[in-house]
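S.K.: Numbering (our numbering), first residue to last: 1 to 147. Even for Gly, the Cβ is constructed at its ideal location relative to N, Cα and C.
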Amino acid sequence: MFNVWVINGPNINMLGKRQPHIYGEQTLKCLMAALHDKAQDLKLAVDCRQSNHEGQLIDWLQQAADQAQAVIINAGGLTHTSISLHDALENLTLPKVEVHLSNIYAREEFRQKSFISPVVNAVIAGCGQKGYILALEYIHTLIQAQK
């Protein structure tokens with residue numbers, strides 16, 4: 001089965017509590033359950049992970065090269081600061097989708113720069129938690145195109 005890793009960075013574990021007017025009221029657990037349901041409909045497998053530690057995210061991206069067929073990443077605040085995440089994503093030859101719950105281009109100036117956008121296949125921003133579902137559907141489309 002086609003395995004998609006969903007990697008979430010700092011503070012994503014605080015969904016539902018942290019600025020719900022920006023990030024929504026649904027928890028990460030609820031979001032991941034919805035993603036598992038959608039993956040099942042698409043006949044995909046998802047492996048959802050979250051860490052507040054940059055090194056852990058890099059380790060997972062390195063492991064994904066051998067264990068996943070695609071990656072969805074919401075790097076949280078590290079999106080705007082981490083050259084190391086950029087480098088780890090750049091080394092992956094599998095499909096990669098960057099997701100942001102809010103529209104980072106309509107927020108503070110420092111949030112408008114993504115260090116990881118240049119090395120992913122697509123960016124989905126401002127769609128709330130639906131962005132993860134859209135990312136999974138996009139990956140499914142890529143798979144179908146390869147068949």
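Check the C-beta distance from A65 over to L92 and give it rounded, since I have them as a contact under 8 Å.
M.R.: If you number the sequence shown from 1, residue 65 lands on position 65. If you number the sequence shown from 1, residue 92 lands on position 92. Contact holds; Cβ gap of about 6 Å.
S.K.: M1: which of I12, D47, C30, D87 sits nearest, CA to CA?
M.R.: Your numbering for residue 1 matches position 1 in the sequence shown. Answer by Cα proximity: D47.
S.K.: I'd like to confirm the pairing. Which residues does DSSP put opposite W5 in its beta bridges?
M.R.: The residue given as residue 5 occupies position 5 in the sequence shown. According to DSSP, which records beta bridges pairwise, W5 is partnered with D47, V71.
S.K.: Hey, is the segment 79-89 in contact with the segment 16-34, meaning 3+ C-beta pairs nearer than 8 Å?
M.R.: Judged by Cβ distances under 8 Å, the segment 79-89 makes no contact with the segment 16-34, as fewer than three pairs qualify.
S.K.: Do I104 and Q112 have their C-beta atoms within less than 8 Å of each other?
M.R.: On the sequence shown, position 104 is the one that residue 104 refers to. On the sequence shown, position 112 is the one that residue 112 refers to. Yes, the pair counts as a contact, with Cβ atoms nearer than the cut-off.
S.K.: Is the distance from the Cβ of I83 to the Cβ of V6 below 8 Å?
M.R.: Locating residue 83 in the sequence shown gives position 83, counting from the first residue. Locating residue 6 in the sequence shown gives position 6, counting from the first residue. Going by C-beta atoms, I83 is not nearer than 8 Å to V6.
S.K.: Any idea if K29 is buried or exposed, counting beta-carbon neighbours within 10 angstroms, 16 or more meaning buried?
M.R.: Locating residue 29 in the sequence shown gives position 29, where the first residue counts as 1. Flag for K29 reads exposed.
S.K.: I think V4 touches A39, with their Cβ atoms under 8 Å apart; what is that distance to the nearest whole Å?
M.R.: For the purposes of this step, residue 4 is taken as residue 4 along the sequence shown, with counting starting at 1. For the purposes of this step, residue 39 is taken as residue 39 along the sequence shown, with counting starting at 1. With 8 Å as the limit, V4 and A39 qualify as a contact, their Cβ atoms being about 7 Å apart.
S.K.: Indicate the three-state DSSP secondary structure (helix, strand or coil) for E109 in the structure shown.
M.R.: Numbered from 1 along the sequence shown, position 109 holds the residue referred to as residue 109. Helix at E109.
S.K.: If you draw a straight line from the C-alpha of T141 to the C-alpha of A135, how long is it?
M.R.: One-based indexing of the sequence shown puts residue 141 at position 141. One-based indexing of the sequence shown puts residue 135 at position 135. So the alpha carbons of these two residues sit roughly 10 Å apart.
S.K.: Can you tell me where the alpha helix (DSSP H) holding K130 begins and where it ends?
M.R.: By one-based count along the sequence shown, residue 130 stands at place 130. Counting along the chain, the alpha helix (DSSP H) containing K130 begins and ends at 130-146.
S.K.: If distances are taken between C-alpha atoms only, which option among H53, S117, H80 comes closest to G9?
M.R.: Residue mapping note: residue 9 aligns to position 9 of the sequence shown, counting from 1. The residue with the shortest Cα to Cα distance from G9 is H53.
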